[in-house]
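Line by line, the protein sequences give chains D and X. Everything in the first sequence is counted per this note's numbering, starting at 90 for the first residue and increasing by one. Everything in the second sequence is counted per this note's numbering, starting at 255 for the first residue and increasing by one.
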Amino acid sequence: QQQVKQSPQSLIVQKGGIPIINCAYENTAFDYFPWYQQFPGKGPALLIAIRPDVSEKKEGRFTISFNKSAKQFSLHIMDSQPGDSATYFCAARESGGGADGLTFGKGTHLIIQP
Amino acid sequence: DAGVTQSPTHLIKTRGQHVTLRCSPISGHKSVSWYQQVLGQGPQFIFQYYEKEERGRGNFPDRFSARQFPNYSSELNVNALLLGDSALYLCASSLVGYYEQYFGPGTRLTVT
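Pasting the structure below:
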């Protein structure tokens, strides 16, 4: 059972465009939603994260939009650059239970063309 | 400051063998989590440890075990290796009570 569904699986955008990656979830106990960026051969790097009481968060060129009623959230990358080409993962943490294990989506392979 | 460090970088083992992977958290971080990332998939949660105790466990068999040491470093042990255990094993550290998790570079395990 996939608890966090991520789309699209792959995405190609021209430099300067705004790639948008979407995630959906069903578990209403999720209370923290981070996005990670991963380059080949490296570990995931935390980009930005949001809590359910906020509808939007911006950090630099990265923006998360969060729709609690629809149980969806998305990552927007402004003024995308070829260096942003990587795999992006959304994730979620479930409240309660005493553990902070993250549930990840399957990832989006993003290519920014020069 | 150094980030999360993991050793070894790469490892090749044979089916049925045992493996130990090591992780040192970011200085000041007392919580360590382990994840398995199969090629082409997102990481899957295995364990979380802090104060040397297991605080949570994902859907992994008992062949997987871990421990945390007084200096907050951690070891992941996998017994009776299967071909399907081939993956990138990631360690993440965090401050206790904070949700942000910071990942190390991982250990690439290949089981032949």
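Here a beta-carbon is modelled for each residue, glycine too, at the ideal position from N, C-alpha and C. The structure presented is a predicted model; accordingly, all values stated were derived computationally and were not measured.
(request) Report yes or no: is there a C-beta of chain X within less than 8 Å of the C-beta of Ala138 of chain D? (result) Position 49 of the first sequence, counting from 1, holds the residue named residue 138 of chain D. Proximity of Ala138 of chain D to chain X, defined by a Cβ-Cβ separation below 8 Å, is satisfied.
(request) Starting from the Cα of Ala341 of chain X, find the closest Cα among X:Arg309, X:Tyr353 and X:Leu293 and give me that residue. (result) Locating residue 341 of chain X in the second sequence gives position 87, counting from the first residue. When each option's Cα is compared against that of Ala341 of chain X, the closest is X:Leu293.
(request) Please indicate yes or no: does the CB of Val273 of chain X lie closer than 7 Å to some heavy atom of the ligand HEM? (result) Summarising the ligand content, the structure contains no ligands, and the ligand HEM is consequently not present.
(message) Buried or exposed for Pro279 of chain X, going by 16 or more other Cβ atoms inside 10 Å?
(response) Taking the second sequence and counting its residues from 1, one reaches residue 279 of chain X at position 25. Pro279 of chain X is buried by the Cβ-count criterion.
(request) Assess, as a yes-or-no matter, whether the segment 162-173 of chain D is touched by the segment 96-111 of chain D under the definition of 3 or more beta carbon pairs within less than 8 Å. (result) Yes, since at least three Cβ pairs between the segment 96-111 of chain D and the segment 162-173 of chain D fall closer than 8 Å, the two stretches touch.
(request) Excluding the 5 residues preceding and the 5 following Glu148 of chain D in the sequence, name in chain order all residues of the same chain whose CB lies nearer than 6 Å to its CB. (result) Counted from its first residue, the first sequence places residue 148 of chain D at position 59. Once the five neighbours on either side are set aside, the close Cβ partners of Glu148 of chain D are Ile137.
(request) Please work out which residues of its chain come closer than 8 Å, Cβ to Cβ, to Gln127 of chain D, disregarding the five sequence neighbours upstream and downstream, and give them in chain order. (result) By 1-based counting over the first sequence, the position of residue 127 of chain D is 38. If you ignore the 5 residues before and after Gln127 of chain D, its C-beta comes within less than 8 Å of the C-beta of Pro133, Ala134, Ala175, Thr176, Tyr177, Phe178 and Gly196, all in its own chain and listed in chain order.
(request) Evaluate Gln355 of chain X with the Cβ neighbour count: other Cβ atoms within 10 Å of its Cβ, from every protein chain shown; 16 or more gives buried, anything less gives exposed. (result) Translated into positions along the second sequence, residue 355 of chain X becomes position 101. By the 10 Å Cβ count, Gln355 of chain X comes out buried.
(request) Out of D:Asn156, D:Arg150, D:Phe151 and D:Lys131, point me to the one whose CA is closest to Val207 of chain D's CA. (result) Given a span of 90 to 203 for chain D in the structure shown, any question on residue 207 of chain D remains unanswerable.
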